[in-house]
Structure formats: C-alpha cells, structure tokens
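**Q** According to the numbering used here, the sequence shown is numbered sequentially starting from 145.
Before I ask anything, here is the structure I am working with.
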Amino acid sequence: MRSPRPGADIRMEGGWAITRGDSSVTVAIIETGCKLDHPKLDRRIWRNRREIPGNNIDDDLNGYIDDVQGWNFVSNTSNTTDDQGHGTNIAGIVGASGNNSLCYAGVNWDCKLLICKGLDAQKDGFYSWWISSIFYAVNNGARVINMSISGLSFSQFLQDAIAFANQQGVVVVACNMNTNSNTPYYPAAMMGVIAVGSTNPNDARTSPFFWSATSGSNYGAHLSVVAPGNYIYGLSHTSNTDYNSYWSGTSQATPHVAGLASLLLTIRPQLTPAQIKTTLQSTADDQIGPPSEDVAVWDQYYGFGRVNAARALASVVTSATAPRIAASALQVFPNPASHYLTLQTTTPACCTTRCASLTASAKWCTAGCWRQPRSSCP
Numbered sequence: 145m146r147s148p149r150p151g152a153d154i155r156m157e158g159g160w161a162i163t164r165g166d167s168s169v170t171v172a173i174i175e176t177g178c179k180l181d182h183p184k185l186d187r188r189i190w191r192n193r194r195e196i197p198g199n200n201i202d203d204d205l206n207g208y209i210d211d212v213q214g215w216n217f218v219s220n221t222s223n224t225t226d227d228q229g230h231g232t233n234i235a236g237i238v239g240a241s242g243n244n245s246l247c248y249a250g251v252n253w254d255c256k257l258l259i260c261k262g263l264d265a266q267k268d269g270f271y272s273w274w275i276s277s278i279f280y281a282v283n284n285g286a287r288v289i290n291m292s293i294s295g296l297s298f299s300q301f302l303q304d305a306i307a308f309a310n311q312q313g314v315v316v317v318a319c320n321m322n323t324n325s326n327t328p329y330y331p332a333a334m335m336g337v338i339a340v341g342s343t344n345p346n347d348a349r350t351s352p353f354f355w356s357a358t359s360g361s362n363y364g365a366h367l368s369v370v371a372p373g374n375y376i377y378g379l380s381h382t383s384n385t386d387y388n389s390y391w392s393g394t395s396q397a398t399p400h401v402a403g404l405a406s407l408l409l410t411i412r413p414q415l416t417p418a419q420i421k422t423t424l425q426s427t428a429d430d431q432i433g434p435p436s437e438d439v440a441v442w443d444q445y446y447g448f449g450r451v452n453a454a455r456a457l458a459s460v461v462t463s464a465t466a467p468r469i470a471a472s473a474l475q476v477f478p479n480p481a482s483h484y485l486t487l488q489t490t491t492p493a494c495c496t497t498r499c500a501s502l503t504a505s506a507k508w509c510t511a512g513c514w515r516q517p518r519s520s521c522p
C-alpha cells in the first residue's frame, strides 16, 4: 500500500477539543457481544439499575430475567459476553475510554454502551434477533444504535423497528457491506438509517483485508457517508492487554460514525435522527476519493464524503454550550505584542482572549486567526 495520505481521518482530535462525550448518552451495539470486563470499558457498560443481579426474577417486568448488562438474543439469556471478537472491536471504536495510559481511545470517551448480542459465534444472525435488539435498546434509553451487521433480504418488520427507533429519537447507523457492488444490504438500505461506507488511509474505498481482491466498500443510492475502516486496531475479546488485534471493512467504519453521532447528542440532546444525519452529511469532507468516483456533493461511491468530527461538532455548538478551547490548540503571536495579539487555533473554537484584565469574546467560528487591537488593552 502507498504511504498514507495526510489528513485521511475524521479530525477526531479537533472534535475532542469540543467534547469527549458524556455518560448521559447511551449507544446500543447489536453484535457478537462484548468483553465486559475490559479495562478500557471500565464503568462504560450500561447497567439496568432496575434489575437485581442473579435472583432469577424479572424485577423490572420487561420480559427479560436478570438483564443487568443487556441481553443475549441468540441464546435468550443475560450472558452478553463476546464469543467471536467482532463485537468487542466495535465497542472499543465507539467508546473505549481515553486519557488513561492504555494506548487506545474510542470516539466517545464517556458514553454508556448497551450490549445486545444479535450475532452468534460464527457472526451469523436472524432478523428476529436484530429486531428484538432494536426494541430492547430503544426501550432502555439508547440514543444511538450501531449495526455493523447486514442481510440481503428486505424485511418490513425490520424496517418497522427502525421507524420505531427514529420516532423515539434514536439514531440508527449501519454498515454498507464489502462486496464492491451496488447490491443493497439491510438495514443499511432502509429508510431512517445512516449507511456507512469504508475508506483506507489513501481515501480509497476499502474492504476487509482477508476478502478477495475484487471486494470493496459497497456503493449505491442509499449511501450516506464514509469513514476509516482499514486495519482498525482495537480491543481483544480474549485479552485485557492485547491491543494488536485489528479488523477491516464497513463494520469498522460504522462505529466511527455512531460514536460521532453520540458526541453530537452530548452537545445537543434535542437533535432528531434526521438532524443528526443531515449534520454528518453537510459537514463531511467531500471529493476525497478518485475523481472518477467521488464527485461534488453526493455520489454513490462516497456518499456526502468522509465524516469530519471537528466540523460536525462545531456546527451544533451554541454560545450557551461552547466549551473552552484546549490551550494546547492555541498559538499566540507575536509574544509579547505591541499593536496586535493574534490567536491561531487548529481546531474550531469559541475563543475568549484575555489581555491583562481585559476579556474579549469572539463568535463561534472555523479554524483560523483572530486579532485583538492593542488599544483595547489597559
């Protein structure tokens, strides 16, 4: 593979300067399960506080006995442990904790992860498991559902479950599959879903490294956005210290987008699924791929482009919610100043500049320079 193209990422560091997430937002992950005791997921797994562990009683009368940490729709038990590995990798991309010296971070450092096991140890599943998982996630407070899963047949029951989720304010994000074709896969091709394609470090459409040479990220009329999905390192379902496992494909691109959607809801919890989708699409980096495929605005190969976390989060921040910009993202020059003091930031920010006892505010704006006349200083 050629050397990676600079900037072929989702600008996550700029996004983290705005928010790193909050435990008030829950992301449901319909998967093979999760390594619940992984240190990177410490205090991150959603817990059903209405259920008493191990008493074999459905305390909250929701139809699921001892569903303390989600539900296993494969075996119809409360055991949501990962027996395949795919789910733990997805969970880590969405929400592994950061800033803890463990060499890895997910998109959202503080959200809760609600685990719904809807795939078996062979990574196969029935639509009925996925449908039940959606209803369970919605009824237990999820705001985002990650579905790195797909099937070839349309199901009205699955579409109805997604419509129910949307009506309850829940964002559904799904992978677009990896067969390098415009064959629709579901739920990605359904109404009310953010369909995600995959790119590699050169912004080319990519697929799992172990698939055939003719495979690639799927395309089609329903594609929304793309995100990195090539050799994505992550958490292991068999070890608490191995960070060398990696996966590839639209399955890995999808949790980048689901995690970003959850960050948007951290800032603006009132946003609807349609507004989240529009925000992700309108702030994406367009025309990143080859000109033969990636044309201006929308195209069937890259959708609206590669998601841009910094730009998306900046677009929903209001003056009431604008956070302080990280000092490390600022450059001040000249220093000392005689006539003008220039602040330059590499991330979108709402800046407050201080010159001695003076405080001057700038409006929320894109990355760039702002100048404060010296005459305003005492």
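Idealized CB from N, CA, C, for every residue including glycine.
Out of L263, G151 and R149, state which residue places its alpha-carbon closest to the alpha-carbon of D226.
**A** Taking only the C-alpha atoms, the option nearest D226 is L263.
**Q** Look at the alpha carbon of A456 and the alpha carbon of T423, and state the distance between them as a whole number of angstroms.
**A** Cα to Cα, A456 sits roughly 6 Å from T423.
**Q** Quick one: what's T225 bridged to in DSSP?
**A** T225 pairs with C178.
**Q** For V317, write down the residues that DSSP places opposite it in a beta bridge.
**A** BP columns for V317 point to N290 and I338.
**Q** Could you tell me which residues DSSP pairs with N216 in its beta bridges?
**A** DSSP lists T221 and K261 as partners of N216.
**Q** Tell me where the beta strand (DSSP E) around I376 begins and ends.
**A** Taken as a continuous stretch (DSSP letters only), the beta strand (DSSP E) holding I376 covers I376 to G378.
**Q** Going by DSSP, what residue range makes up the alpha helix (DSSP H) through Y271?
**A** Per DSSP, Y271 belongs to the alpha helix (DSSP H) from Y271 to N283.
**Q** Please look up how many angstroms separate the CB atoms of S368 and G378, rounded, as I've assumed it's under 8 Å.
**A** About 23 Å separates the two Cβ atoms, so there is no contact after all.
**Q** What residue from V251, Q396 and I306 has the CA that sits closest to L336's CA?
**A** The sequence as given places Gly at residue 336; Leu does not occur at that position. Minimum Cα distance to G336 is reached at I306.
**Q** Once the 5 residues before and after R498 are set aside, which same chain residues still bring their CB inside 6 Å of it?
**A** The predicted model places R498 with a pLDDT of 45, which falls under 50 and marks its position as unreliable; any figure quoted below should be read in that light. Counting only Cβ-Cβ distances below 6 Å, and skipping sequence neighbours, we find nothing.
**Q** Can you tell me the Cβ-Cβ gap for T320 and S361, rounded? I've got them flagged as a contact below 8 Å.
**A** As written in the sequence, residue 320 is Asn, which differs from the Thr given in the question. Contact holds; Cβ gap of about 6 Å.
**Q** Apply the 10 Å Cβ neighbour rule to T176 and answer buried if 16 or more other Cβ atoms are within range, or exposed otherwise.
**A** The residue in question, T176, is buried, as its Cβ has 16 or more Cβ neighbours within 10 Å.
**Q** Alpha carbon to alpha carbon, how far is T224 from K179? Give it in angstroms, no decimals.
**A** Approximately 8 Å, taken between the alpha carbons.
**Q** Can you grab the Cα-Cα spacing for the pair P434 / P183, in whole Å?
**A** So the two alpha carbons sit approximately 40 Å from each other.
**Q** Could you say which of A440, V441 and I420 lies nearest to N310 if we only look at CA atoms?
**A** Here the closest residue by C-alpha is I420.
**Q** Taking the straight line between their C-alpha atoms, what separation do you get for A286 and R193?
**A** Whole-angstrom Cα-Cα distance: 15 Å.
**Q** Please report the straight-line C-alpha distance between A458 and N220, rounded to a whole angstrom.
**A** Going by the C-alpha atoms only, they are around 42 Å apart.
**Q** Have a look at G158 and D347 and give me their C-alpha separation to the nearest angstrom.
**A** In a straight line, the C-alpha of G158 is about 19 Å away from that of D347.
**Q** What is the residue span of the alpha helix (DSSP H) that S395 lies within?
**A** Note, S395: alpha helix (DSSP H), T394 to I411.
**Q** Nearest-angstrom Cα distance between I162 and I201?
**A** One C-alpha to the other measures close to 43 Å.
**Q** Report yes if the CB atom of E195 is closer than 8 Å to the CB atom of D203, and no otherwise.
**A** Yes; because the gap between Cβ atoms is below 8 Å, this pair is in contact.
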